[in-house]
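*Asks:*
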Amino acid sequence: MRNSTNIFLVNLSVADLCVLVICTPTVLIEVNSGPQVWPLGEHMCKAVPFVELTVAHASVLTILAISFERYYAICEPLRAGYVCTKARATFLCFLAWVAAALCTSPILLMVTYEVEENVDGTYIPTCTTPASTTWMTGFIVTTILVFFVIPLVILIVLYTIIARHLMANPAISRGPANNLLKYRKQVVMMLATVVLCFFLCLLPFKALTLWIIIVPPKMVVSLGIEGYYSLLYFCRVMLYLNSAINPILYNLMSTKFREGFLKLCGLGPAKRKKKKTSERTGTTGSTNCSSSHSDFWRRHSSNRSCNVKGSEIRYFADGIGDKIRRQKQDIVKNRHKSENEIADFVHK
């Protein structure tokens with residue numbers, strides 16, 4: 001389990017878990033509090049957007065790292081041995097979090113917490129992220145380019161190369177020859193699903209952000225408070241949905257990670273094998289006679305000394321059944337016959 005792939009998967013799981021645990025409850029609180037109302041205070045007003053964007057950016061960087069590792073493993077396997085190491089994977093995970101936090105830190109200066117007068121004369125706390133200056137607008141646009149557009153292009157290019165490499169090299173496929181085409185289609189579909197989910201889940205939030213910056217304020221106001229916040233909450237839920245889908249796409253599609261998870265839950269291969277063995281033991285009375293005959297000679301002809309157990313073994317082979325039965329006692333008395341002698345005996 002302690003390899004570079006699973007280190008990336010664990011890091012991705014931690015980032016996605018932070019999104020679901022920290023960010024999702026705040027959305028539920030906002031929805032129940034009504035539009036524009038921020039009931040969590042000034043400190044949470046700054047902390048939630050920072051954490052939300054940091055873990056989202058760390059998740060994107062981790063997805064890129066996984067994609068590059070898959071590229072090396074499939075397209076350049078000779079380099080993968082020294083490029084995809086555990087130490088390098090751990091360092092890249094640490095670097096992803098540091099880079100994500102540093103690139104997101106300007107949001108702390110942009111977020112404003114104010115108590116504003118409502119239309120009915122009451123005062124409500126609000127938390128907004130305005131793009132009122134040039135550097136704020138530049139920061140938002142740069143963030144979208146660095147953590148959405150560029151990663152999306154890289155993912156499309158990498159998975160296109162991987163898919164073409166799989167289709168052009170039959171040696172990579174481990175399935176039977178008649179299932180080769182089916183196997184290739186499954187791999188290509190899985191890779192396409194990764195890019196598609198990444199694009200669809202992050203696109204609404206990024207597109208809404210750019211739309212608010214580009215269009216005149218009158219167009220945003222024309223949506224109305226209810227319409228604007230409904231659209232905003234939908235885009236944020238789609239952003240969080242990406243974090244919910246990632247564990248399915250990466251962890252469940254990784255055989256080793258899945259086996260390790262089952263082992264951690266006490267459902268590892270050893271336990272399942274033991275269970276199947278006990279089930280076979282309980283049904284040996286209905287075992288086919290010819291298979292018992294083959295199993296007996298396969299077990300004893302490969303040993304240097306023949307050790308026949310006390311259980312009764314019946315043989316119904318045509319022509320040689322009686323001969324084997326008559327000479328069975330001779331085999332028991334001569335336990336130390338050599339492998340060649342037993343082989344000669346079988347072929348008499």
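So for the sequence shown, the UniProt record's numbering puts the first residue at 1; every next one is plus one. Think of the CB as a built atom: it goes at the ideal place given N, C-alpha and C, for glycine as much as any other residue.
(1) Check whether the Cβ atoms of residue 211 and residue 127 lie closer than 8 Å to each other.
(2) What residue range does the beta strand (DSSP E) around residue 124 cover?
(3) List in chain order: all unbroken beta strand (DSSP E) runs of 3+ residues lying wholly within the segment 64–124.
(4) Which same chain residues, not among the five before or five after residue 113, have their C-beta less than 6 Å away from its C-beta?
(5) Identify which residue in 202, 241, 29 has its Cα closest to the Cα of residue 149.
(6) So, at 6 Å on beta carbons, what are the nonlocal neighbours of residue 355 in its own chain, with the 5 sequence-adjacent residues on each side left out?
(7) Thinking C-alpha only, which one of 52, 157, 166 is nearest residue 18?
(8) Confirm, please, whether the CB-CB distance from residue 163 to residue 213 is below 8 Å.
(9) Residue 106 to residue 263, Cα distance in whole Å?
(10) Apart from the five residues on each side of it in sequence, which residues of its chain come closer than 7 Å, Cβ to Cβ, to residue 104?
(11) Nearest-angstrom Cα distance between residue 16 and residue 125?
(12) Under DSSP, the alpha helix (DSSP H) around residue 131 begins and ends at which residues?
(13) Between the C-alpha atoms of residue 84 and residue 246, what's the straight-line distance to the nearest angstrom?
(14) Here's the rule I'm using: 16 or more other beta-carbon atoms within 10 Å means buried, otherwise exposed. How should residue 5 be labelled?
(15) With a threshold of 16 other CB atoms inside 10 Å of the CB of residue 206, please say whether the residue is buried or exposed.
*Replies:* Answer, in terms of the structure:
(1) no
(2) 123–128
(3) 112–117
(4) 42, 45, 127
(5) 202
(6) Because the chain in this structure spans residues 1 to 348, residue 355 falls outside the shown range and cannot be described.
(7) 52
(8) no
(9) 43 Å
(10) 50, 53, 54, 57
(11) 29 Å
(12) Here residue 131 belongs to no alpha helix (DSSP H), and DSSP marks it neither H nor E.
(13) 21 Å
(14) buried
(15) buried
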